[in-house]
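Colleague: Shown below is the structure under consideration.
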Amino acid sequence: MYNRILIATDGTELSDKAVHAGLDLAALCGASVLALKVVSHYPRSYLEGSDLLDIKEAKRIEEQWTQQAQTLLDGVKAFGHERKVSVTTQIAHSDLVAESIVEAAKKHDCDLIVMASHGRKGLQRLLLGSETQHVLTHSHVPVLVLR
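Residue numbering for the sequence shown follows the working numbering, starting at 894 and increasing by one per position.
In structure tokens form, the structure reads like this:
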């Protein structure tokens, strides 16, 4: 049914549900998994909503976020190993989360994307946007969304 499943994770409890569901599906289908975590860049100006930091300090923070992302992805890989699922990991450094997910799915020939949606509604969705909605409308492959 599926050969390669992309599982997007952000480390939240809801995202963990998507990870486990995606790995279970991969085990049933005999599919391999690409586990993806998108790490944003540290804001570099006041207009981006943050105090300016020394470039070295900003790089240190970004490296810390990358290490945390790798730890998260190593956990996904371990859960996959328990289910006898081949898991490769990728960290994407971008402020464009949805675009990074769609691009990774295309680049790695994935035939399904599994991700969580936080289900924001109303003003909160308008202000914060919906990465899941963007992936749903721009992906060339089906998307399984967990809430």
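From the three backbone atoms N, C-alpha and C, an ideal C-beta is built for every residue, glycine too. These numbers come from a predicted model, not from an experiment.
Taking the beta carbon of Val-929 as the centre, do at least 16 other beta carbons fall within 10 Å, making it buried, or is it exposed?
Modeller: Looking at the sequence provided, one finds Leu at residue 929 rather than Val. Leu-929 is buried by the Cβ-count criterion.
Colleague: Quick one: is Gly-904 near chain D, going by C-beta distance under 7 Å?
Modeller: Annotation note: the requested chain D is absent from the structure, which comprises a single protein chain.
Colleague: Could you give the distance in angstroms between the alpha-carbon of Tyr-935 and the alpha-carbon of Asp-967?
Modeller: Computed Cα separation, rounded: 23 Å.
Colleague: Based on DSSP bridge pairs, tell me the residues matched to Ser-925.
Modeller: Looking at the DSSP assignment, Ser-925 forms a beta bridge with Arg-897.
Colleague: From Leu-1024 to Leu-918, what distance separates their C-alpha atoms?
Modeller: Per the sequence presented here, residue 1024 reads as Glu, with Leu not at that position. In a straight line, the C-alpha of Glu-1024 is about 22 Å away from that of Leu-918.
Colleague: Please report the Cβ distance between His-1031 and Val-995, rounded to the nearest whole angstrom; I am assuming they are in contact, meaning their Cβ atoms lie under 8 Å.
Modeller: Going by Cβ atoms, the distance from His-1031 to Val-995 rounds to 5 Å, so yes, they are a contact pair.
Colleague: Less than 6 Å between C-beta atoms, sequence neighbours within five positions excluded: which residues of the same chain meet that for Ser-925?
Modeller: Counting only Cβ-Cβ distances below 6 Å, and skipping sequence neighbours, we find Arg-897, Ser-979.
Colleague: Evaluate Ile-948 with the Cβ neighbour count: other Cβ atoms within 10 Å of its Cβ, from every protein chain shown; 16 or more gives buried, anything less gives exposed.
Modeller: So Ile-948 ends up on the exposed side.
Colleague: Could you check where the alpha helix (DSSP H) with Val-885 kicks off and where it finishes?
Modeller: Lying before the first or after the last residue shown, residue 885 is absent from the chain, which here runs from 894 to 1040.
Colleague: According to DSSP, simplified to helix, strand and coil, what is Val-978?
Modeller: Note: Val-978 maps to coil in three-state DSSP.
Colleague: Classify Leu-1005 as helix, strand or coil using the three-state DSSP reduction.
Modeller: Correct three-state label for Leu-1005: strand.
Colleague: Could you check the C-alpha separation between Leu-940 and His-913 for me, to the nearest Å?
Modeller: Note that Leu-940 scores a pLDDT of 49, beneath 50, so its modelled location is shaky and nothing firm can be said.
Colleague: Going straight from the alpha carbon of Ala-1009 to that of Ala-920, what length do you get?
Modeller: Those two C-alpha atoms are separated by around 19 Å.
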